[in-house]
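Residue numbers (full-length UniProt numbering): 1 to 317.
By construction, the Cβ of each residue, glycine as well, lies at the ideal position given by its N, Cα and C atoms.
Note that the structure is predicted; figures quoted are calculated from it, not measured.
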């Protein structure tokens, strides 16, 4: 069981998410996001709450095999090790080449994988990947919780021919310069499908060919409960140029690995073949379907139970 302190931290984070969705419904997702990124007081408190949850509550429970403290990081590290170090990428490359021949595509690529692997950790909180020598990490967040993390908004950052960091703030990121990008509990924080897609589009621009995008999203329900949403995610990412190479449903989250195909049309072919009538080009989350009533947003009236936290990354209260 979580302490009262941990529940208070979790409640604050939940209210920030709720208020952002309320603002999106009122002024539109883009305006809501811009207002949110300028609210430094809320962002700083949010960052401190997330860091405390991650470095105290999560770590205290890391012995539990289903704990998010270790499982989300370990899952990502194992995927990167298998794909890059154990050279699993070769079989996916061969598949891309075979499909490209069917589509009469010309591929131009160079094997650029070398140690250390350059990793962009978006929404990093406290830069947990810095503990691994396998990676050279650039950890970014809207409001860094410590000096190991740079300030950056993945939705607004410039993408150009070099990475520019000034006063701990990322001004620009270099296109096609990362082997790995991680979205760990990021997309559900963003208040609309269109903005989530924009984040993934930027990830595509920033990844090297054959690089991987790792997405973790919280879900404490059984594996089939939100399978339609996960299928839509896979379809949407394929339309953007990604092929899904790994999927696993853990106790409290979905873990996904997507590969930037050697040619966008290779991934798009999968999307075209597998699209069904109920498949949407969208990255929706369960909260998007909740009917928002005014009284829901009155924080003084919130009566929280463990059920309220099932869609947040720290749920096992």
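For residue 221, name the three-state secondary structure that DSSP assigns. Translated into positions along the chain shown, residue 221 becomes position 221. The answer is coil: DSSP assigns residue 221 none of H, G, I, E or B.
Runs of alpha helix (DSSP H) wholly within the segment 32-108 (minimum 4 residues, chain order): 40-52, 68-80, 89-102
Under the three-state DSSP convention, the category residue 247 falls into: Looking up residue 247 in the chain shown gives position 247. Here residue 247 sits in strand by DSSP.
I need the boundaries of the alpha helix (DSSP H) containing residue 24, first residue and last residue. Counting from 1 along the chain shown, the entry for residue 24 is found at position 24. From DSSP, the alpha helix (DSSP H) with residue 24 extends over 4-27.
In this structure, does DSSP put residue 288 in helix, strand or coil? Residue mapping note: residue 288 aligns to position 288 of the chain shown, counting from 1. Three-state DSSP puts residue 288 in a helix.
Residue 158 versus residue 171 - alpha carbon distance: Taking the first residue of the chain shown as 1, we reach residue 158 at position 158. Taking the first residue of the chain shown as 1, we reach residue 171 at position 171. Cα to Cα, the separation comes out at about 7 Å.
Cα-Cα separation, residue 133 to residue 119: Indexing the chain shown from 1 puts residue 133 at position 133. Indexing the chain shown from 1 puts residue 119 at position 119. The alpha-carbon atoms of residue 133 and residue 119 are separated by roughly 11 Å.
Residue 178 bridges to which residues according to DSSP? The count along the chain shown starts at 1 and reaches residue 178 at position 178. Bridge partners of residue 178: 207.
Take residue 267 as the anchor and find which of 212, 240, 214 has the nearest alpha-carbon. For the purposes of this step, residue 267 is taken as the residue at position 267 of the chain shown. Residue 240 is the option with its Cα nearest to residue 267.
With distances taken Cα to Cα, identify the nearest neighbour of residue 80 among 113, 102, 99. As a working note, residue 80 is residue 80 in the chain shown. The candidate whose alpha carbon is nearest that of residue 80 is 113.
Please determine if the segment 105-112 and the segment 136-143 are in contact, where contact requires at least 3 C-beta pairs separated by less than 8 Å. no
Exposed or buried, which one is residue 103 when buried takes at least 16 other CB atoms within 10 Å? Residue 103 sits at position 103 when you count from the first residue of the chain shown. Exposed, by the Cβ-count rule.
Give me whichever residues DSSP pairs with residue 138 in a beta bridge. For the purposes of this step, residue 138 is taken as the residue at position 138 of the chain shown. Paired residue(s): 120.
Taking the C-alpha atoms as reference points, what is the distance between residue 318 and residue 160? No answer is possible for residue 318: the residues shown for the chain start at 1 and end at 317.
Given this structure, state the Cα-to-Cα distance separating residue 275 from residue 235, to the nearest angstrom. Residue 275 sits at position 275 when you count from the first residue of the chain shown. Residue 235 sits at position 235 when you count from the first residue of the chain shown. Looking at the two C-alpha atoms, the distance is approximately 7 Å.
For residue 266, the first and last residue of its enclosing alpha helix (DSSP H): On the chain shown, residue 266 is found 266 positions in, with the first residue counted as 1. Run containing residue 266: 264-274, per the alpha helix (DSSP H) assignment.
Please state whether DSSP places residue 169 in a helix, a strand or coil. Numbered from its first residue, the chain shown carries residue 169 at position 169. Three-state DSSP puts residue 169 in a strand.
Locate the alpha helix (DSSP H) running through residue 228, then write down its first and last residues. To locate residue 228, count along the chain shown from 1; it is residue 228. Its alpha helix (DSSP H) spans residues 227-240.
According to DSSP, what are the bridge partners of residue 283? Residue numbering aside, residue 283 sits at position 283 when the chain shown is read from its first letter. DSSP lists no partner for residue 283.
Please report the residue range of the beta strand (DSSP E) in which residue 129 lies. Position 129 of the chain shown, counted from the first residue, corresponds to residue 129. Element bounds for residue 129: n/a, residue is neither H nor E.
Member of 145, 135, 40 whose CA lies at the smallest distance from the CA of residue 53: Counting from one through the chain shown, the residue named residue 53 turns up at place 53. Ranking 145, 135, 40 by Cα distance to residue 53 puts 145 first.
Keeping to the same chain, check which residues put their C-beta closer than 7 Å to that of residue 33; ignore five residues upstream and five downstream. Reading the chain shown from its first residue, position 33 is the one you call residue 33. Correct list, in chain order: 155, 191, 195.
Pick from 223, 162, 247, 189: whose alpha carbon is nearest that of residue 206? The residue given as residue 206 occupies position 206 in the chain shown. Out of 223, 162, 247, 189, 162 has the C-alpha closest to the C-alpha of residue 206.
Alpha carbon to alpha carbon, what distance is there between residue 149 and residue 131? For this step, residue 131 is matched to residue 131 along the chain shown. For this step, residue 149 is matched to residue 149 along the chain shown. Each residue's Cα considered, the two are about 14 Å apart.
Per DSSP, what kind of secondary structure is residue 215 in: helix, strand or coil? Sequence index remark: in the chain shown, residue 215 carries index 215 (1-based). Note: residue 215 maps to strand in three-state DSSP.
Which of the three DSSP states, helix, strand or coil, is assigned to residue 197? Taking the first residue of the chain shown as position 1, residue 197 is located at position 197. Three-state DSSP puts residue 197 in a helix.
DSSP three-state label for residue 158, please. Against the chain shown, residue 158 aligns to sequence position 158. DSSP places residue 158 in strand when its eight states are reduced to three.
Please name the residue in 212, 77, 35, 248 whose C-alpha comes closest to that of residue 223. As a position in the chain shown, residue 223 is number 223, starting the count at 1. Nearest option by C-alpha distance: 248.
In chain order, what residues of the same chain lie with their CB nearer than 6 Å to the CB of residue 271, ignoring the 5 residues before and after it? In the chain shown, the residue the question calls residue 271 occupies position 271. The residues are 235, 238, 239.
Looking at C-beta atoms only, is the number of pairs between the segment 41-49 and the segment 210-225 that lie closer than 8 Å three or more? no
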